Amino acid sequence: MASSATKYVIHAPRAYVDYNRHAGNRRQLLVSDQTANILTNFLAVFLALAAKSLYNIARRILKALNQRGANQAPAPDDDTVDQEERRMQRLEVIDKSHDNETLIVATFRRLLALLHKVVPIRPLGDTTPTHIRMLRPEFWYNMFKIANESSMDFLWYFIVGFGALLLYFGMLILGIMSAYPVVGDSIALSRHPQCGLVVSNDAQNAANFALGHKYYNDIARESLQYAKSCYDLGRGASSAAGGESCSFFYEPSIKYSIIDNDTCPFKIGRGHLCRDGENSSYTLTTGSASSLLDDASKVVADASVLGINSPLRYTFHRSITCSPLRTDGLIHPFLADDNRTISFHYFYGNHTGEWNCTSDLPYCTFESKLFPDMNQPYKMMTTSTRRFAPWPWTPIFEVNEMYGESATLILLSNFGIFYPHESLDPIFPANTTGGDGWYTNTQFHATVLGCMSRTLVCLPDSVPKLCFNLTGLGNLDDSDPEHGPIRAMLYFSLLPDLEAQLSYLLTESLEAQSLLSGTTSSALSPTQWKIETRQMFESLLARTQITARNIARGVPGAEDLPGQHDLMLPAWRGMCTRYKFRATGWRNISVSWFLAEFFAGLLVCVLGIAREDGELWLEEPVRRLAKTTVGKWCLLGQRVLVDDL
Numbered sequence: 016m017a018s019s020a021t022k023y024v025i026h027a028p029r030a031y032v033d034y035n036r037h038a039g040n041r042r043q044l045l046v047s048d049q050t051a052n053i054l055t056n057f058l059a060v061f062l063a064l065a066a067k068s069l070y071n072i073a074r075r076i077l078k079a080l081n082q083r084g085a086n087q088a089p090a091p092d093d094d095t096v097d098q099e100e101r102r103m104q105r106l107e108v109i110d111k112s113h114d115n116e117t118l119i120v121a122t123f124r125r126l127l128a129l130l131h132k133v134v135p136i137r138p139l140g141d142t143t144p145t146h147i148r149m150l151r152p153e154f155w156y157n158m159f160k161i162a163n164e165s166s167m168d169f170l171w172y173f174i175v176g177f178g179a180l181l182l183y184f185g186m187l188i189l190g191i192m193s194a195y196p197v198v199g200d201s202i203a204l205s206r207h208p209q210c211g212l213v214v215s216n217d218a219q220n221a222a223n224f225a226l227g228h229k230y231y232n233d234i235a236r237e238s239l240q241y242a243k244s245c246y247d248l249g250r251g252a253s254s255a256a257g258g259e260s261c262s263f264f265y266e267p268s269i270k271y272s273i274i275d276n277d278t279c280p281f282k283i284g285r286g287h288l289c290r291d292g293e294n295s296s297y298t299l300t301t302g303s304a305s306s307l308l309d310d311a312s313k314v315v316a317d318a319s320v321l322g323i324n325s326p327l328r329y330t331f332h333r334s335i336t337c338s339p340l341r342t343d344g345l346i347h348p349f350l351a352d353d354n355r356t357i358s359f360h361y362f363y364g365n366h367t368g369e370w371n372c373t374s375d376l377p378y379c380t381f382e383s384k385l386f387p388d389m390n391q392p393y394k395m396m397t398t399s400t401r402r403f404a405p406w407p408w409t410p411i412f413e414v415n416e417m418y419g420e421s422a423t424l425i426l427l428s429n430f431g432i433f434y435p436h437e438s439l440d441p442i443f444p445a446n447t448t449g450g451d452g453w454y455t456n457t458q459f460h461a462t463v464l465g466c467m468s469r470t471l472v473c474l475p476d477s478v479p480k481l482c483f484n485l486t487g488l489g490n491l492d493d494s495d496p497e498h499g500p501i502r503a504m505l506y507f508s509l510l511p512d513l514e515a516q517l518s519y520l521l522t523e524s525l526e527a528q529s530l531l532s533g534t535t536s537s538a539l540s541p542t543q544w545k546i547e548t549r550q551m552f553e554s555l556l557a558r559t560q561i562t563a564r565n566i567a568r569g570v571p572g573a574e575d576l577p578g579q580h581d582l583m584l585p586a587w588r589g590m591c592t593r594y595k596f597r598a599t600g601w602r603n604i605s606v607s608w609f610l611a612e613f614f615a616g617l618l619v620c621v622l623g624i625a626r627e628d629g630e631l632w633l634e635e636p637v638r639r640l641a642k643t644t645v646g647k648w649c650l651l652g653q654r655v656l657v658d659d660l
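The opening position of the sequence shown corresponds to residue 16 in our numbering, with each subsequent residue numbered one higher.
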């Protein structure tokens, strides 16, 4: 990134509320990676031990449910009774315990009996659990034997037998794995001491003003670089592609949608200025591809994507609609004062100031002279209806400022650049060749790209959506300690528009510029102007993210910069503790999850303990349950299985 970000130093564990999480998981404790590992390992070991108690509880519950049926079983009086005879006695209990069983119940009992055919019976006094006895050699012998007798029985054996085996180890693994969701992401809440709105307030002093100019130039370059690294067009919309540079913000990028062949916004009466027809515009908008007038809730982004942490769900809308504009009758050539230099007047609305027309021509926007520059073949001029300068532009087409609209006019010339293929792109034309395989543009005047930007902020919990442009948002009451800081953060973050981004970079903002080598270029896309539009929008979204970050962290070393002024009002100071970012070396512990799993494991361990008088904690309540209708269903098939658990 162009300018290095100030490091956030976190001195101690912090507890905070993250309003973008589920209501039961909002309380977070930010601890170091080392502390997070210690807590996780402790909880994993604790829950693994609790899993063994949970298995024992399951055994005891099943035995308690089996108590009534077990009383019916003939108990052998002689320890020398043959094991096969004892097995047949127990299986007989299964077959005769219920005379009116349904087919499903009978099948279930058959499966349990089948398990006892395979699992070696426990000698008297042997307390080895079933899942251990299933690993003995005689178990595998019985498995082979029953497989030869019936393949279907063998299949049922795997379902029932290995199910019991996996149950024990499954509880153990589940206990260990349950500890890891407790540790979450690395999101932290900023409390930077330099939080503020620092700007240059000394325009009369050239040196001081240059410092402010450099700051905005740096932030424009940083926004462009971040957009190339971390947004979709740069194929880096994840921290993996962009490295650490994409892992700082709460959301690496602001999601947006594309509407191709959109309606032309540059209206003149009943006509329009779009070069390729009324439905030839290219729109990029936050949210889904929908009209703001049709459903405002679909085209807004939650304020949390900027890192704003608040229970107030403010949303914002940002979009641009661009289209190549007609030039017929709107561009007039003339000779400069030396009667040799070709110049052009561009008639897209009255404009005064640095590029004003020398003669007082109605609707004249720009006056440009053709000065080929071999070091910078692309040439660009821009202006906007929201330009913060004493040179207003009143376009010849309609701009609805109440709707949050602002228009940007971009003049681009590629005269003198050579391309390996013919280009029919209306903004980057190259259709003339000298027979050497290279194509160039021979028209002297610039092409014109118009962009209509829209920026709105919508209030929370308003049905229908109540949205304001930035002027209206700035006029709202900001004295409320909850609403005021959020509105101020959104206002200043969204204040830089497309013109503010382009005016510092000019041709450096073009993707086509990166394809140049001297006066020769690599091949362009047939719709290169759409690629440029998308990159401009992504850099504008990145500029919004970076501006919010710079408010939260302030300007590094601003107190030592002459002529700089902090605009932060006391009513806005709350925004300094409402900015979230992703920290390095720190992790969040979910307080509710940690406590819930710890006490659940503690409860399981306590329930798994036998009382001193020998009476277990669970048997009596379970026996009462066994007398109910639900308990009778639980008794099905447990008489044989429980004895071997």
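For every residue, glycine included, the Cβ atom is placed at its ideal position computed from N, Cα and C.
Model, not experiment: these values are computed from the prediction.
Next item on the list: Please state whether DSSP places N232 in a helix, a strand or coil.
Entry: One-based indexing of the sequence shown puts residue 232 at position 217. Helix, per DSSP.
Notebook entry, point to check: Would you call the stretch 271 to 291 and the stretch 446 to 454 touching, i.e. three or more CB-CB distances under 8 Å?
Noted result: no
Item checked: Whole-angstrom distance between Q240 and S468, CA atom to CA atom -> Residue numbering aside, residue 468 sits at position 453 when the sequence shown is read from its first letter. Residue numbering aside, residue 240 sits at position 225 when the sequence shown is read from its first letter. Looking at the two C-alpha atoms, the distance is approximately 21 Å.
Checklist line | Minimum C-alpha distance to R564 - residue among L212, A59 and R333 | finding: One-based indexing of the sequence shown puts residue 564 at position 549. If we check each option's Cα against that of R564, L212 comes out closest.
Item checked: Coarse secondary structure for S262, derived from DSSP in three states -> Residue 262 sits at position 247 when you count from the first residue of the sequence shown. Looking at S262 - three-state DSSP - the assignment turns out to be coil, as it is neither helix nor strand.
Checklist line | Cutoff 7 Å; reference Y519; Cβ partners in own chain excluding five residues on either side | finding: Taking the first residue of the sequence shown as position 1, residue 519 is located at position 504. Result list for Y519: Y231, N232 and A235, in chain order.
Checklist line | Supposed contact pair S494 and A586 - C-beta distance, whole angstroms, cut 8 Å | finding: Translated into the one-based positions of the sequence shown, residue 586 becomes position 571. Translated into the one-based positions of the sequence shown, residue 494 becomes position 479. Their Cβ separation, rounded to whole angstroms, is 6 Å, which keeps A586 and S494 in contact under 8 Å.
Checklist line | Inter-residue spacing [alpha-carbon to alpha-carbon] between L69 and A194 | finding: Here residue 69 is taken as the residue at index 54 of the sequence shown, counted from 1. Here residue 194 is taken as the residue at index 179 of the sequence shown, counted from 1. Taking the straight line from one Cα to the other gives about 16 Å.
Check: Expressed to the nearest angstrom, what Euclidean distance is found between the alpha-carbon atoms of H366 and I274?
Finding: For the purposes of this step, residue 366 is taken as residue 351 along the sequence shown, with counting starting at 1. For the purposes of this step, residue 274 is taken as residue 259 along the sequence shown, with counting starting at 1. Each residue's alpha carbon lies about 31 Å from the other.
Check: Helix, strand or coil for L481 per DSSP?
Finding: Walking along the sequence shown from the start, residue 481 turns up at place 466. L481: coil per DSSP, three-state reduction.
Next item on the list: Look up F621 in the DSSP assignment and say whether it is helix, strand or coil.
Entry: Along the sequence shown, one-based indexing puts residue 621 at 606. First, the amino acid is wrong: residue 621 is Val here, not Phe. V621 carries a helical assignment under DSSP once its states are collapsed to helix, strand and coil.
Notebook entry, point to check: Mapping DSSP to helix, strand and coil, what is T447?
Noted result: Here residue 447 corresponds to residue number 432 of the sequence shown, with the count starting at 1. Three-state DSSP puts T447 in a strand.
Item checked: T592 (DSSP reduced to helix, strand or coil) -> Residue 592 sits at position 577 when you count from the first residue of the sequence shown. It is helical.
Next item on the list: Name the two residues that bound the continuous beta strand (DSSP E) containing A30.
Entry: In the sequence shown, counting from the first residue as 1, residue 30 sits at position 15. Taken as a continuous stretch (DSSP letters only), the beta strand (DSSP E) holding A30 covers R29 to V32.
Notebook entry, point to check: Would DSSP call A203 helix, strand or coil?
Noted result: As a first step, residue 203 must be located in the sequence shown, where it is residue number 188. If DSSP states are grouped into helix, strand and coil, A203 belongs with the strands.
Margin query: Using 8 Å as the cut-off, can you tell me whether the stretch 499 to 516 makes contact with the stretch 330 to 337, which would need three or more C-beta pairs spanning the two stretches below that distance?
Written below: yes
Check: Between R41 and L299, what straight-line distance do the alpha-carbon atoms span, to the nearest angstrom?
Finding: For the purposes of this step, residue 41 is identified with residue 26 of the sequence shown, where counting begins at 1. For the purposes of this step, residue 299 is identified with residue 284 of the sequence shown, where counting begins at 1. About 33 Å.
Margin query: Can you tell me where the alpha helix (DSSP H) holding S417 begins and where it ends?
Written below: The residue given as residue 417 occupies position 402 in the sequence shown. The sequence as given places Met at residue 417; Ser does not occur at that position. Where M417 is concerned, there is no enclosing alpha helix (DSSP H), given that its DSSP letter is neither H nor E.
Margin query: At the level of alpha carbons, what is the spacing between T530 and F61?
Written below: Counting from one through the sequence shown, the residue named residue 530 turns up at place 515. Counting from one through the sequence shown, the residue named residue 61 turns up at place 46. Thr is not the amino acid found at residue 530; the sequence shown has Leu there. Cα to Cα, the separation comes out at about 59 Å.
Margin query: Which residue wins for smallest C-alpha separation from E420, given the options T356, E514, F613 and Y34?
Written below: The residue labelled residue 420 in the question sits at position 405 within the sequence shown. The shortest Cα separation from E420 among T356, E514, F613 and Y34 belongs to E514.
Notebook entry, point to check: Excluding sequence positions up to five away, which residues of its chain have a Cβ less than 7 Å from the Cβ of G364?
Noted result: The sequence position of residue 364 within the sequence shown is 349, counting from 1. Here the set comprises Y378, T380, W408, T409, P410 and I411.
Item checked: Expected contact under 8 Å - CB spacing of F609 and L58 to nearest Å -> Your numbering for residue 609 matches position 594 in the sequence shown. Your numbering for residue 58 matches position 43 in the sequence shown. Correct: roughly 7 Å between the Cβ atoms.
Next item on the list: Might you give, ordered along the chain, the residues of its own chain that have their beta carbon closer than 6 Å to the beta carbon of C591, omitting 5 neighbours on each side?
Entry: Counted from its first residue, the sequence shown places residue 591 at position 576. Non-local beta-carbon contacts of C591 in its own chain, meaning distances under 6 Å to residues more than five positions away in sequence, involve C210 in chain order.
Margin query: Can you tell me where the beta strand (DSSP E) holding K394 begins and where it ends?
Written below: In the sequence shown, residue 394 corresponds to position 379, counting from 1. Counting along the chain, the beta strand (DSSP E) containing K394 begins and ends at K394 to S399.
Notebook entry, point to check: What's the C-alpha gap between T356 and F459?
Noted result: Position 341 of the sequence shown, counted from the start, is the residue given in the question as residue 356. Position 444 of the sequence shown, counted from the start, is the residue given in the question as residue 459. Going by the C-alpha atoms only, they are around 11 Å apart.
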